[in-house]
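Chemist: In this note's numbering, the protein residues as written are 517 to 600. Heads up, the beta-carbon is just placed ideally off N, CA and C, and yes, glycines get one too.
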Amino acid sequence: MFDFGEVVALMSFAGVLVMAGVFLGGWLVFKSRNATQGEKFLGGVPKGTVFTIPDAAEEIETEAEKNILDKSKDFLKIFERGSK
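1) Give the range of the alpha helix (DSSP H) segment to which Met527 is assigned.
2) Excluding sequence positions up to five away, which residues of its chain have a Cβ less than 7 Å from the Cβ of Val524?
3) Where does Lys596 fall in DSSP's three states?
4) Cα separation between Lys587 and Glu581?
Listed below in structure tokens is the structure:
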């Protein structure tokens, strides 16, 4: 079916494809781990800016927010009694 030279050529070609995949995967891991915030990764969305959640404000702005926080604290006190 295949002679020895063809088998060696096909296996060499397969080896080159496998090694190219290994090197490409290694480069991809290296690139993703060393990307800094704001740097575009593979031409797409900059890393670290899309999924960054801004810090919550320290101050309570409205009376409604204060009421919700007070009610939440009262509700959570129910669970604190059982944990002791």
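Modeler: Reading from the atomic positions:
1) 520-549
2) none
3) Looking at the sequence itself, residue 596 is Glu, so the reference to Lys does not match. In this structure, Glu596 counts as helix in the three-state DSSP scheme.
4) 10 Å
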